[in-house]
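Report on one structure; see the data block that follows.
Chains as they are written, first to last, in the numbering used here: chain X, 0 to 314; chain L, 101 to 376; chain Z, 3 to 350.
Following this line, the structure appears as structure tokens:
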């Protein structure tokens, strides 16, 4: 290919006359692979360290007693940290909350995203502006997002939602106190809906228009077109969205930290927040590490499927 | 030029529905922007004020708070530096994989992408401990390193994609024209690849700026970014919504605009190319 | 010594021996065409001469120098790529002056050379445009212009006409021939189209499977093919090949017997059709393609052998189903042995 330092391993002219029938040491140019390896190495080395070092440390910490306030005492205690983490009274709540959060946000964003993408699939006046407005929530800093909702929208006295509730004669809801997890779900879903929509809009653009025209000529109504043409085509991108969101949403933290603080009690604590509580509020690095490993395992399971799907796409 | 669609009932209905939904979804942001121009009393008015006399007082007041400028500076420094550093590492790697392909190129690339799939919370304890041990808690350096590492897989992937779009024959033509490796790089590859560099950088700038997990956990008073500042925003005088809106508006406005220009990169970068 | 020489050149792709030992000499000012079916290695060979592929065994000599290990940038060769490979971010002027600029040529000299080349190729009005503002034919001329500006030792063309539509292809072919007469540059031209080979070349190199089948002038290859492959590759429609036992029906018209297990090759124009009952073989007409200047008649002999005959006498067009008599020009018959090698080339 390019600028290869060729090294022939034998003389040329003479060899052709006396080439033996089975010639194992066949002369050929050997390209140098030094340059490409050198270019790759900074990225590979840094990412390798980024992957291995935290993982190794987490495993190590999870097996010892380690309190960040008393770094001196560290003895091997086997699986005690895991036991402690799992027997934490908040543990199962956190698991349930995590799954609820994940499931709800994914459901809202996928269904909403597909609906929105289909809605803006055909041209209409102002479509460009609509796209820009729809994508905006995704680029908002998560803490801004959180406070925006907590104060502007969800405040039970002055918030916009409260005002709207009053217009309909209903009692305003104290979102943060009465429905903490739902509040977090709303915030996160609002932020990730544009992401899903954008993905589906992109996927729809690659849809074969002639197929749709043929179906229309065959007499298919819109719902039938949806079922037989749109949804199967979107199947792959829906899978991608679900997997990506799972991986990123396992770590939802900023919104909870900024608004409910995991509460009241542990009503809006998810696994990520529980780990944070153990690590930086209780300063128990050992237990936190045990919990973190669980989260990593969960994420890895999803990642395996995602990697396989991506791999098929790379050539 | 495609023919304009016929103005049927379905068409009108669709347009109205689309606009309605869009306005509802965008409303919170729009409300945030509006509130930035209100006084505190107007901000908590019941019923909420849609029409009011706007004021720029909030902007001045927020600027005067010295910690706002500090946090803003930190955001700029951490996101820009981490992006530039990341590009400097990612570009040679992407170049190597795009033009010196080997049997293992695909595997290396997928491995790099997989490191992005590790949830941030999984690395919280070790990174915190490492930062603490190195005395780097509440330091911009720690954030720069972590942001860079978080975005590196995306950068490599996107630069690789854009470099692969450059036909190899153009580089061969440069060689035939007598270009040395450096000249080929400087006069042909770089001009053609600079678009990809720029759009990748923009996306990663946005992602670093919005990064809240590590900012909240690794920093406090000195190296906090706008993300952390907003999180702890409260005014000792009590009423603070208008100022909060204003500070938030200033914190997110440029990035949201950058985001508008990064849509295509977002799809490519965050789905790792799985959606075309 | 020849101007360009390939000595025992071989190339491997992994375990596959793609180029199996090429020896070739090319004189200064010659227009040599590499032709062959897809995958025969003609492009690979060209790229090896250019330095874009490595030479595993053997050597390449240019003007007395061994350039085998020299990088492309130092070989003083110019290449016109199949996809033109123009620099998209540069204007036509910059594309054409790039090489000269790299060689630190004086700007006035550069300007003069580029403008002269642009004039020859009718590109003067487009000098400030970028490639995406040009049509396919114009881009191709820029690619050629980029090459001729440099006055290289050898011009290398890699299937330059294949991306053009048919009308433009014919036109450009003629222009390329004219260009070569004017500039008299040594040229190696790769194509899969044998019409281009026949019309442009001083000499043609027919390649198959990484080996040279035959080298010669176009007419040498046409009238005196060394083997069956060349015989059937050159010439449209293909030479009629009659195998084995079927050749018996023609024995009467031949001066030599066909070797056992061998083949008889008959060019369509060496078959004359007459009234039924005349000639050496009787046949029935299956299909008549009247092209105006000539007519192709597809016949099947009474023994069941299909043949194509070429008639220039358009007055007496046979009809489908007619019985005709076939007369062979024995002097124009080609005999091949069972390995495909020619035994008795036609006397001409």
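Quick reminder that beta carbons are idealized off the backbone N, C-alpha and C, glycines included.
Helix, strand or coil at residue i according to DSSP, with G and I counted as helix
i                      : result
residue 213 of chain Z : strand
residue 279 of chain Z : coil
residue 341 of chain L : helix
residue 330 of chain Z : strand
residue 22 of chain Z  : strand
residue 45 of chain X  : helix
residue 178 of chain X : coil
residue 284 of chain X : helix
residue 236 of chain Z : coil
Other residues of its chain near residue i: CB distance less than 6 Å, five sequence neighbours each side excluded
i                      : result
residue 82 of chain Z  : 145, 146, 149, 159 and 162
residue 97 of chain X  : 269 and 270
residue 89 of chain Z  : 97
residue 194 of chain X : 137
residue 68 of chain Z  : 61
residue 212 of chain L : 253 and 256
Straight-line gap, residue i to residue j (C-alpha atoms, nearest Å)
i                      : j                      : result
residue 152 of chain L : residue 138 of chain L : 8 Å
residue 108 of chain L : residue 307 of chain L : 42 Å
residue 248 of chain L : residue 185 of chain L : 7 Å
residue 253 of chain X : residue 302 of chain X : 23 Å
residue 173 of chain Z : residue 113 of chain X : 53 Å
residue 241 of chain Z : residue 231 of chain Z : 10 Å
residue 142 of chain X : residue 259 of chain X : 12 Å
residue 29 of chain Z  : residue 168 of chain Z : 31 Å
residue 192 of chain Z : residue 121 of chain Z : 26 Å
residue 179 of chain X : residue 105 of chain X : 18 Å
residue 340 of chain Z : residue 248 of chain Z : 14 Å
residue 267 of chain X : residue 333 of chain L : 21 Å
residue 51 of chain Z  : residue 306 of chain X : 42 Å
residue 76 of chain L  : residue 35 of chain X  : Residue 76 of chain L lies beyond the residue range present for chain L, which begins at 101 and ends at 376; the question has no answer from this structure.
residue 373 of chain L : residue 200 of chain L : 21 Å
residue 57 of chain Z  : residue 23 of chain Z  : 11 Å
residue 183 of chain X : residue 295 of chain X : 22 Å
residue 284 of chain Z : residue 329 of chain Z : 9 Å
residue 308 of chain X : residue 231 of chain X : 16 Å
residue 41 of chain Z  : residue 218 of chain L : 46 Å
residue 270 of chain L : residue 166 of chain Z : 19 Å
residue 76 of chain Z  : residue 18 of chain Z  : 29 Å
residue 28 of chain X  : residue 20 of chain Z  : For residue 28 of chain X, the pLDDT reaches just 47, beneath the cut-off of 50, and the residue's location in the model is therefore unreliable, although a value from the coordinates is still provided. Cα-Cα distance, rounded: 14 Å.
Residue i vs residue j beta-carbon contact at 8 Å
i                      : j                      : result
residue 186 of chain Z : residue 31 of chain Z  : yes
residue 327 of chain Z : residue 278 of chain Z : yes
residue 371 of chain L : residue 237 of chain X : no
residue 272 of chain L : residue 87 of chain Z  : yes
residue 93 of chain X  : residue 273 of chain X : yes
residue 162 of chain L : residue 350 of chain L : yes
residue 203 of chain Z : residue 278 of chain L : no
residue 368 of chain L : residue 261 of chain L : yes
residue 252 of chain L : residue 45 of chain X  : yes
Cutoff 7 Å; reference residue i; Cβ partners in own chain excluding five residues on either side
i                      : result
residue 256 of chain Z : 332 and 335
residue 55 of chain Z  : 13, 46 and 49
Close-in-space but distant-in-sequence residues of the same chain around residue i (CB under 8 Å, 5 per side omitted)
i                      : result
residue 307 of chain Z : 244, 248 and 251
residue 345 of chain Z : 258, 261, 264, 337, 338 and 339
residue 320 of chain X : A query on residue 320 of chain X cannot be resolved here, the shown segment of chain X reaching from 0 to 314 and no further.
residue 160 of chain X : 152, 153, 171, 172 and 174
heavy atom of the ligand NAP below 7 Å from residue i C-beta
i                      : result
residue 301 of chain L : Absence of the ligand NAP is noted for the structure shown, with no ligands found whatsoever.
Give, in chain order, every residue of the segment 143–163 of chain X whose Cβ lies closer than 8 Å to some Cβ of chain L. 143, 145, 146, 147, 148, 150, 151, 152, 156, 157, 159 and 162
Which residues, in chain order, does the segment 237–260 of chain X contribute to contact with chain L at a C-beta distance below 7 Å? 239, 243, 246, 249, 250, 252, 253, 256 and 257
Under 9 Å, CB to CB, which of the residues in the segment 67–80 of chain Z have a partner in chain L? 73, 74, 75, 76, 77, 78, 79 and 80
Please list the residues of the segment 104–115 of chain Z that have a C-beta atom closer than 8 Å to any C-beta atom in chain L, keeping them in chain order. 104 and 105
Selection of the segment 251–284 of chain L by Cβ proximity to chain Z, strictly under 8 Å: 267, 269, 270, 272, 273, 274, 275, 276, 277, 278, 279, 280 and 283
Which residues, taken in chain order from the segment 307–328 of chain L, show a beta carbon closer than 8 Å to some beta carbon of chain X? 309, 310, 312, 313, 316, 317, 326, 327 and 328
Residues from the segment 156–182 of chain Z in contact with chain L, defined by Cβ distance under 7 Å: none
Looking at chain L, which residues of the segment 87–105 of chain Z have a Cβ within less than 8 Å of any of its Cβ atoms? 87, 88, 89, 90, 91, 100, 101, 104 and 105
Please list the residues of the segment 292–304 of chain L that have a C-beta atom closer than 8 Å to any C-beta atom in chain Z, keeping them in chain order. 292
Near-chain X residues of the segment 362–373 of chain L - C-beta to any C-beta below 7 Å: 363, 366, 367, 370, 371, 372 and 373
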